[in-house]
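Numbering (UniProt numbering), first residue to last: 1 to 417.
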């Protein structure tokens, strides 16, 4: 912790497992195998279908993949061979069930041992860097205070941390780096404007590509979280999913038929949704959602009330767990305000599923019942069973940042970027 980072590595259960082959002093050699020899067109479309079927349902036999992807068995066999050479899938002989007749059917699954994606979540107060395998499971993540100063200096500092992270995983073939951030993001150009950090329009994608020598995918942080839920969480099974995020900032995004609706860059801005209360917002109004539920607001009130002696959200949660009435009051008030806001959004879109992300939710599981009850009281539609927390808990920022790269791998397994 002397470097200001919270270092964590993770396997499927998001616990720490260091790679014994890692040599921190090695140079970064983070590239995918050459793919240009593999023709595109219909073959890549077949590969997308095969890889997607394996991702969703694997491990599967070749026959099961053919049935799931709607392709012939010879086509599937050829595609599996090509994907195996790219180290995107592999056979799982340990999963063979010997039926005693004929040749055993060796299942195929996503190869989580080789290709990886790096991600950077640029938050208002905290920046997270992570590395994930092809199933979106974190191999390692690091947190640090978001660097102060100019955008160029901050991105340079973050790039140094990315290089250090990759040096600890020299055997990994890194497909690229994802940058997920708040503010106004243009995914096509990689340009980011973040008023909260005092950043004007910054060519964040280009800057990081030059610093790291890797392709960079830039996205808004809430759309990226929704995409992670669709690709690796429970959201992919819903026709319509509403994703709502709250921590220091707030945001929402709608996904329909597995596709995140991003709009023109400002969609999902719910900061000024009125939820009641007397906290004054920078816009001049009172009771706007973001200023009401933001971590900094809750901590400022906790300091004034003498609940905590420093602006540390963990101390506030500990105080609430110990029965401090003012701590419980503050966290309950935030949960109820969020519930009212989510109810408005639910009534507007009538989604199949509402997924809640961000530490305002995941760090306060004891106050989820208040959020749910407030949601039920404020919504004109029946039922609360559609409410669920995100699939990645407090790791959602790191997983989301990696997801943009992983989406491209699954969409273009034979392609370049």
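We treat Cβ as the ideally placed atom computed from N, Cα and C, and that holds for glycine. Just so it is clear, the structure is predicted and the values come from calculations on it, not from any experiment.
Residue i versus the options, residue with shortest Cα-Cα distance
i           : options            : result
residue 181 : 410, 396, 407, 409 : 396
residue 122 : 196, 365, 81       : 196
residue 222 : 51, 415, 348, 183  : 183
residue 317 : 93, 367, 162       : 367
residue 108 : 384, 189, 82       : 82
residue 187 : 140, 141, 262, 166 : 262
residue 244 : 375, 90, 147       : 375
residue 384 : 200, 394, 372, 350 : 372
residue 118 : 213, 394, 388, 125 : 213
residue 332 : 361, 315, 306      : 361
residue 240 : 351, 161, 315, 149 : 351
residue 46  : 58, 57, 74         : 74
residue 388 : 251, 229, 312, 344 : 229
residue 250 : 236, 237, 271      : 271
residue 172 : 190, 255, 149, 140 : 140
Residue i: first and last residue of the uninterrupted beta strand (DSSP E) it sits in
i           : result
residue 180 : 173 to 181
residue 317 : First-last for residue 317: 313 to 321, but that is the alpha helix (DSSP H), not the beta strand (DSSP E).
residue 111 : Unbroken run through residue 111: none, as it is neither H nor E.
residue 364 : Taken as a continuous stretch (DSSP letters only), residue 364 belongs to no beta strand (DSSP E), as it is neither H nor E.
residue 200 : 199 to 203
residue 247 : Element bounds for residue 247: n/a, residue is neither H nor E.
residue 397 : Note, residue 397: premise wrong, no beta strand (DSSP E); alpha helix (DSSP H) at 396 to 411.
residue 387 : 387 to 389
residue 162 : It is not in any beta strand (DSSP E) - residue 162 instead sits in the alpha helix (DSSP H) that spans 151 to 167.
Contact under 8 Å by Cβ, residue i with residue j
i           : j           : result
residue 402 : residue 132 : yes
residue 178 : residue 405 : yes
residue 88  : residue 413 : yes
residue 340 : residue 293 : no
residue 174 : residue 116 : yes
residue 80  : residue 151 : no
residue 439 : residue 110 : Because the chain is modelled from 1 through 417, residue 439 falls outside the range shown and cannot be assessed.
residue 268 : residue 253 : yes
residue 391 : residue 232 : yes
residue 296 : residue 359 : no
residue 298 : residue 330 : yes
residue 165 : residue 129 : yes
residue 319 : residue 307 : yes
residue 419 : residue 127 : The structure shown does not extend to residue 419, since the chain is modelled only from 1 through 417, so no value can be given for it.
residue 161 : residue 142 : yes
residue 138 : residue 327 : no
residue 205 : residue 220 : no
Alpha-carbon spacing of residue i relative to residue j, whole angstroms
i           : j           : result
residue 155 : residue 207 : 7 Å
residue 363 : residue 66  : 43 Å
residue 234 : residue 411 : 19 Å
residue 76  : residue 113 : 22 Å
residue 287 : residue 226 : 26 Å
residue 25  : residue 168 : Note that residue 25 scores 36 on pLDDT, short of 50, meaning its location in the model is unreliable and no value can be drawn from it.
residue 218 : residue 370 : 35 Å
residue 346 : residue 71  : 39 Å
residue 224 : residue 92  : 31 Å
residue 421 : residue 146 : Because the chain in this structure spans residues 1 to 417, residue 421 falls outside the shown range and cannot be described.
residue 246 : residue 337 : 11 Å
residue 400 : residue 176 : 14 Å
residue 35  : residue 44  : Only weak support is given to the placement of residue 35: the predicted model assigns it a pLDDT of 40, under 50, and the value that follows is read from those uncertain coordinates. Roughly 12 Å separates the two Cα atoms.
residue 386 : residue 379 : 12 Å
residue 281 : residue 303 : 19 Å
residue 31  : residue 54  : Reliability of the predicted coordinates at residue 31 is poor, the pLDDT of 44 falling under 50, and no value is obtained from them.
residue 276 : residue 86  : 54 Å
residue 381 : residue 342 : 12 Å
residue 22  : residue 124 : For residue 22, the predicted structure reports a pLDDT of 38, less than 50, and the residue's modelled location is therefore unreliable. The matter cannot be settled from this model.
residue 68  : residue 58  : 11 Å
residue 39  : residue 415 : Residue placement at residue 39 is poorly supported in this model, since its pLDDT is 44, which falls under 50; the coordinates still yield a value, given next. When rounded, the distance between both Cα atoms is 9 Å.
residue 257 : residue 349 : 14 Å
residue 51  : residue 64  : 13 Å
residue 356 : residue 290 : 15 Å
residue 200 : residue 192 : 8 Å
residue 315 : residue 377 : 30 Å
residue 309 : residue 393 : 27 Å
residue 301 : residue 198 : 25 Å
residue 365 : residue 42  : 47 Å
Bridge-paired residues (DSSP) for residue i
i           : result
residue 274 : 288
residue 421 : Nothing about residue 421 can be read from this structure; the chain reaches only from 1 to 417.
residue 357 : 245
residue 82  : In the DSSP output, where bridge partners are listed per residue, residue 82 has none listed.
residue 193 : 184
residue 87  : Partner(s): none; residue 87 has no beta bridge.
residue 240 : 256
residue 329 : Answer is none; residue 329 lacks a bridge partner.
Residue interval of the alpha helix (DSSP H) (run including residue i)
i           : result
residue 373 : 368 to 378
residue 262 : Unbroken run through residue 262: none, as it is neither H nor E.
residue 303 : 295 to 304
residue 68  : 62 to 69
residue 44  : 42 to 57
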